[in-house]
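Working notes, structure below.
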Amino acid sequence: MEGAVHRFRVHRNHSRPDGATSQGPTNVNGRRSTLPACRRCRFHKKRCTRTTEGPCEHCLAAWVPCSLMDRSASPKTRERELRSRIDWLSQLVNETLPAGDLPIESVETGRRLALSSPIHQTPTEMNMDTEPGESVVEGPEISNMERTGVIAIGASRKCLQAYFRHVHRTYPFLDHEYVLRDFEDICEQEARDGHVPQDAIPNRLCMVMAIGFTTLQRAGEAHDLDEQYFQPCLKSVLCECVRRVNEESAGTLLLLGLYLLFKPGDQDPRAIAGVLTNHAISVGLMSDPPNSSSVTPRELELRRRLGWSVYVFTRMISISYGLPISFPDDMMRIPLPSIMIHEYGSAEGHQYAIALQVSRHVISLRQLETRIANAIHDVNSSPPSDKLRLEIEDWYTQGCLLSSSTLSEQDQVPFHTSITWLNVRYQNLLLLLFCPRQNGTTDMNSLPKLQAAAQQYIKLTLILHEHRHLPMNWITVCRLLSLAAVFFYCIRQGASVFNEIPEVPLLATLLELFPSSWHSAHEAARILRCLTDIVGNQKSPVIPRSVLSGSSVLANPGIDSETELQTLQDELESLLTHTMGDASFFIWPLRVKADINKPVAQPFALTDTSAFGNPLRHPNNVVLAAVDDGLGGGSLQTEWMTSLGGVGTEML
491 MEGAVHRFRV
501 HRNHSRPDGA
511 TSQGPTNVNG
521 RRSTLPACRR
531 CRFHKKRCTR
541 TTEGPCEHCL
551 AAWVPCSLMD
561 RSASPKTRER
571 ELRSRIDWLS
581 QLVNETLPAG
591 DLPIESVETG
601 RRLALSSPIH
611 QTPTEMNMDT
621 EPGESVVEGP
631 EISNMERTGV
641 IAIGASRKCL
651 QAYFRHVHRT
661 YPFLDHEYVL
671 RDFEDICEQE
681 ARDGHVPQDA
691 IPNRLCMVMA
701 IGFTTLQRAG
711 EAHDLDEQYF
721 QPCLKSVLCE
731 CVRRVNEESA
741 GTLLLLGLYL
751 LFKPGDQDPR
761 AIAGVLTNHA
771 ISVGLMSDPP
781 NSSSVTPREL
791 ELRRRLGWSV
801 YVFTRMISIS
811 YGLPISFPDD
821 MMRIPLPSIM
831 IHEYGSAEGH
841 QYAIALQVSR
851 HVISLRQLET
861 RIANAIHDVN
871 SSPPSDKLRL
881 EIEDWYTQGC
891 LLSSSTLSEQ
901 DQVPFHTSIT
911 WLNVRYQNLL
921 LLLFCPRQNG
931 TTDMNSLPKL
941 QAAAQQYIKL
951 TLILHEHRHL
961 PMNWITVCRL
971 LSLAAVFFYC
981 IRQGASVFNE
991 IPEVPLLATL
1001 LELFPSSWHS
1011 AHEAARILRC
1021 LTDIVGNQKS
1031 PVIPRSVLSG
1041 SSVLANPGID
1051 SETELQTLQD
1061 ELESLLTHTM
1071 GDASFFIWPL
1081 RVKADINKPV
1091 AQPFALTDTS
1101 AFGNPLRHPN
1111 NVVLAAVDDG
1121 LGGGSLQTEW
1131 MTSLGGVGTE
1141 ML
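With the numbering used here, the residue at position 300 of the sequence shown is 790, and numbering never jumps.
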């Protein structure tokens, strides 16, 4: 018996169980509020996860704003948009209300609210812990509200290319291909007459452009660009990074720190470095993730590059400011940056390889600086070891080999492979090596080497500025301020006579090259100019008798110079404390007690000669004798004056 096949249309039962609960955001009537898909998800035909709390995951991952399509004339679509807008505004109002107050949904529409209403209360009455000028509501939805206007596409692309030509060599944590592709997508969707609205560019991409602009400005290629178009909303960037602790926020904080290096305002890069260190440790960027097998090789390599970029930035801040190291080197348990397959096979594979070689060389520089800084902070440290000196020579040799492989490059924007930059870094390593230690012990044999390294550093830095390779940022300011402390230390410890340091006015000239907004640089230049004036006012060691007060006290004009020198040193110490922090080891040379046996021009006391004019021998083996000046007075004459034929009255 053959079976018959019958087909029936079964209607789906739309009834829901009694215990079923609705998911997702609901409105005041209990209905689920459906949000339309954003523009990017509709274009790529992806499921949009946009909610009332923020944009969708696809837009966040692509660094693009999560915007809706153009308003439709359909009544149902218009109703959904208005309903989602009301829900979002209601949520914002409810967040501003103190705990225990009625939500805004319970207030009748059109009701006149008195000043005693919760939404009319002042922040003080609502007992909210907000500082003046801070916004109560922070989030990705309002991250770009402070940026208006349009940016030229050509100028934006030029800044992006400058970033990858120079900064990316030291911090290669961004994917060049992804960044440029996202920028082209924004231009394709938002471009109007060759311009892009500022609010269409995410803050992270805007910071990349801003950093690239500083590179072009330093190289003298930013004549047709305006800096105001590349200023991200710093407040919203910080809020976004604090709300989310992940790899993306760590990279955003790193970009923010690089951007703030060129801003002389109240934003301190040291604070960003501290927050970035906490983020990196929390995310675990110092080691590979436990589920590294489930991560693509490209994502894993970018994560490792981000970890090393955080290491390089935080070490640069610590060494330049003279601060203790934030975390030890043994925490870095990830391989060094290496080239990826798509980079190796691209037409610019050689440039990618050079960038990674520069990155590894800079990492080795920071590791070497860390070992020297640890020796400086060690209370039981001994004089500089030959091992560190050999490591410095080896690093410089490797840099010269890298520089020889890039001689064919015609690009003058990057400078990490130039011989002048290598020479400056070499002298800076010697400055750290011979810097006074924490225990206060001073190796007198290291003083001439310390002064010679400081003098060479000034000369080479001037060459860097002539080649447009000197960035005007906080790192350069701190390094020049540390040189001022070194010169004061050498003078007070007797490594040199005043007139033998002609680099002091050159250092003041370098500091004066900064714009007027860099107050720390110009204040240090003023102190150094005063020091130069004191040096120029130093008189001959021949002291006439007319300066004597009474019959037993010899008033030395060097006493006034010593007092002025101490005053300038105190001002410089105060400036370094304000700029670098009280824990900076660059302040220690200013706090070391001067050596009483320093081989410089000594103040002569009356006890150096007898009351009858008999010559006595000075502790520095200088014979002092009283000489009649023919005017009823007298002067002091030393052996080296006698060897020159004596001192006549025409010199007085």
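All C-beta atoms, glycine included, are put in the ideal place defined by N, C-alpha and C. Computed from a predicted structure; not experimentally measured.
Might you give, ordered along the chain, the residues of its own chain that have their beta carbon closer than 6 Å to the beta carbon of residue i, omitting 5 neighbours on each side?
i       : result
ALA1015 : ALA998, LEU1001, GLU1002
TRP553  : ASP672, PRO692, ARG694, LEU695
THR907  : LEU892, SER893, THR896
VAL657  : ILE701
ALA551  : none
ALA1011 : VAL967, LEU1001, PHE1004
MET697  : PRO722, LEU745, TYR749
TYR661  : SER799
CYS649  : MET699, GLY702, PHE703
What three-state label does DSSP hand residue i in the structure shown?
i       : result
LEU796  : helix
PRO904  : coil
LEU558  : strand
SER777  : strand
GLY764  : helix
ALA863  : helix
THR541  : strand
ARG823  : strand
CYS723  : coil
LEU912  : helix
ALA843  : helix
ARG671  : helix
PRO754  : coil
THR786  : coil
LEU996  : helix
LEU960  : coil
ILE730  : According to the sequence displayed, residue 730 carries Glu and not Ile. Here GLU730 sits in helix by DSSP.
MET697  : helix
MET830  : coil
PHE663  : coil
SER895  : coil
ASP714  : coil
ASN736  : coil
ALA974  : helix
LYS535  : coil
VAL1082 : coil
ASP1060 : helix
ILE991  : coil
ARG927  : coil
PHE803  : helix
GLY812  : coil
PRO938  : helix
ASN634  : Only weak support is given to the placement of ASN634: the predicted model assigns it a pLDDT of 38, under 50, and the question is left unresolved by the model.
Determine the closest residue to residue i out of the options, with distance taken between C-alpha atoms.
i       : options                         : result
CYS1020 : GLU883, LEU664, ALA974          : ALA974
ARG575  : ALA551, PRO526, ALA837          : PRO526
VAL1082 : TRP911, VAL773, GLN983          : GLN983
ASP716  : LEU724, MET699, HIS1009         : MET699
ARG1147 : SER828, ASP820, LEU750          : It is not possible to answer for residue 1147, since the shown part of the chain is limited to 491 through 1142.
GLY639  : GLN688, GLY684, ASP665          : GLN688
THR860  : TYR916, ILE809, ALA1073         : ILE809
VAL732  : ASN768, MET697, PRO662          : ASN768
HIS851  : LYS877, GLU881, SER875          : GLU881
THR541  : SER646, THR786, CYS528          : CYS528
ILE1024 : ALA690, LEU971, GLN1059, ASN918 : GLN1059
SER898  : HIS840, ASP819, LYS648          : HIS840
SER936  : ILE948, LEU970, ASP876, LEU971  : ASP876
THR742  : SER783, GLY797, ALA837, ARG927  : GLY797
Tell me, which residues are paired with residue i by DSSP?
i      : result
HIS685 : ALA642, ARG682
THR966 : Paired residues: none, contrary to the question.
CYS890 : Paired residues: none, contrary to the question.
CYS528 : LEU558
At a cut-off of 7 Å, is residue i close to the ligand NAD when judged by its beta-carbon and the heavy atoms of the ligand?
i      : result
GLU956 : This structure simply doesn't include the ligand NAD, nor any ligand for that matter.
Identify, in the order they occur along the chain, each residue of the same chain with its Cβ nearer than 7 Å to the Cβ of residue i, setting aside the five sequence neighbours on each side.
i      : result
ARG655 : ASP901, VAL903, PRO904
LEU751 : PRO759, ASN963, TRP964, ILE965
For residue i, which residues of its own chain have a beta-carbon under 8 Å away from its beta-carbon, when the five flanking residues on both sides are left out?
i      : result
VAL911 : Going by the sequence as given, residue 911 is Trp instead of Val. Once the five neighbours on either side are set aside, the close Cβ partners of TRP911 are PHE905, LEU954, HIS959.
Strictly under 8 Å for the Cβ-Cβ distance: is residue i near chain C by that measure?
i      : result
LYS648 : Annotation note: the requested chain C is absent from the structure, which comprises a single protein chain.
Just checking, does the region 958 to 977 make contact with the region 705 to 722 on the three C-beta pairs under 8 Å criterion? yes
Item checked: Meets three-Cβ-pair contact criterion under 8 Å: the region 673 to 683 and the region 720 to 729 -> no
- Contact the region 841 to 856 vs the region 799 to 807: 3+ CB pairs below 8 Å: yes
Does the structure place the region 1057 to 1072 close enough to the region 811 to 819 that three or more beta carbon pairs sit under 8 Å? yes
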